[in-house]
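Numbering (this note's numbering), first residue to last: 1 to 219.
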Ligand SMILES: C[S@@+](CC[C@H](N)C(=O)[O-])C[C@H]1O[C@@H](n2cnc3c(N)ncnc32)[C@H](O)[C@@H]1O
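Laid out in structure tokens, this is it:
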């Protein structure tokens with residue numbers, strides 16, 4: 001079984017819960033519902049911040065049901081807070097040959113186990129660099145990459161212009177009040193900028209996940 005309306009089927013849910021990553025179940029269900037809605041536009045769904053594929057599973061399942069493709073962008077070297085010595089570091093993600101993080105192999109195993117490989121295109125590289133060569137409209141952009149102002153702003157400026165009319169922009173880790181040392185509030189500032197642009201209107205809030213819809217031009 002795969003999808004049932006805007007709730008993933010039990011197999012997909014089980015794969016999601018088993019996957020390494022940072023997306024809690026409640027926010028994941030909201031991400032999934034948004035992805036199902038946006039996929040009806042018939043355009044690709046794009047994620048910034050693949051990590052080991054936990055949230056990608058949900059986008060991929062929604063994409064599969066609608067016959068579109070999920071795209072996911074990551075350099076797979078980890079964000080600042082995932083590096084050795086930081087709270088969110090997982091030693092299993094370090095490539096012993098290179099001596100740096102590499103989450104791509106785990107991501108591939110995650111998608112394979114979920115049976116969703118055929119519905120995802122992994123874009124391996126720095127988000128702004130990939131955005132510069134991306135030309136098409138997107139039904140959904142989900143920003144869950146680096147949490148510094150530099151990275152969150154570049155993700156917004158690189159990808160939000162591609163959100164089609166009526167498409168959705170989702171931003172993760174939006175904390176109006178400082179949450180902890182690693183998170184910072186860059187995603188919150190990007191969220192405010194999107195609202196203030198007049199191009200996006202808030203649809204819903206699910207813990208730290210914000211769902212916005214393109215209702216005007218620009219960013
Ligand atoms: C918070 S994790 C993503 C979590 C994932 N969505 C999940 O559900 O578990 C952020 C990811 O963004 C990636 N990242 C950070 N800055 C990036 C950049 N400038 N370009 C590409 N990927 C980046 C990191 O490598 C990391 O894997």
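We put the beta carbon where it would ideally sit given N, CA and C, even for glycine.
Legend entry - Nearest residue (CA-CA) to residue 103, options 53, 87 and 133: 53
Legend entry - Cβ-Cβ distance between residue 139 and residue 164 below 8 Å: yes
Legend entry - Buried versus exposed, by CB contacts within 10 Å (16 or more), residue 100: exposed
Inset, instruction - Going by CA-CA distance only, name the one from 48, 23, 32 and 141 that's closest to residue 167. - result: 141
Inset, instruction - Kindly identify the DSSP beta-bridge partner or partners of residue 226. - result: Residue 226 falls outside the range modelled here, since the chain spans only 1 to 219, and no answer is possible.
Legend entry - residue 69 - DSSP class collapsed to helix/strand/coil: coil
Legend entry - CA nearest to the CA of residue 193, picked from 218, 8 and 205: 218
Legend entry - One or two residues paired with residue 171 in a DSSP bridge: 143 and 210
Inset, instruction - Could you check if residue 25 is buried or exposed, using at least 16 other CB atoms within 10 Å of its CB as the buried criterion? - result: exposed
Inset, instruction - May I have the straight-line CA-CA distance separating residue 10 from residue 16, to the nearest angstrom? - result: 10 Å
Inset, instruction - Assign residue 91 to buried or exposed, taking buried as 16 or more other Cβ atoms, counted over all protein chains shown, within 10 Å of its Cβ. - result: exposed
Legend entry - Assigned secondary structure, residue 4 (DSSP; H/G/I helix, E/B strand, else coil): Confidence in residue 4 is poor, its pLDDT being 49 and thus under 50, which makes the residue's placement too unreliable to answer from.
Inset, instruction - Would you kindly report the start and end of the unbroken beta strand (DSSP E) that includes residue 123? - result: 120-124
Legend entry - First and last residue of the uninterrupted beta strand (DSSP E) at residue 48: 45-48
Legend entry - Beta-carbon proximity check, residue 74 vs residue 116, cutoff 8 Å: no
Inset, instruction - Look at the Cβ atom of residue 154, then the Cβ atom of residue 197, and state whether they are nearer than 8 Å. - result: no
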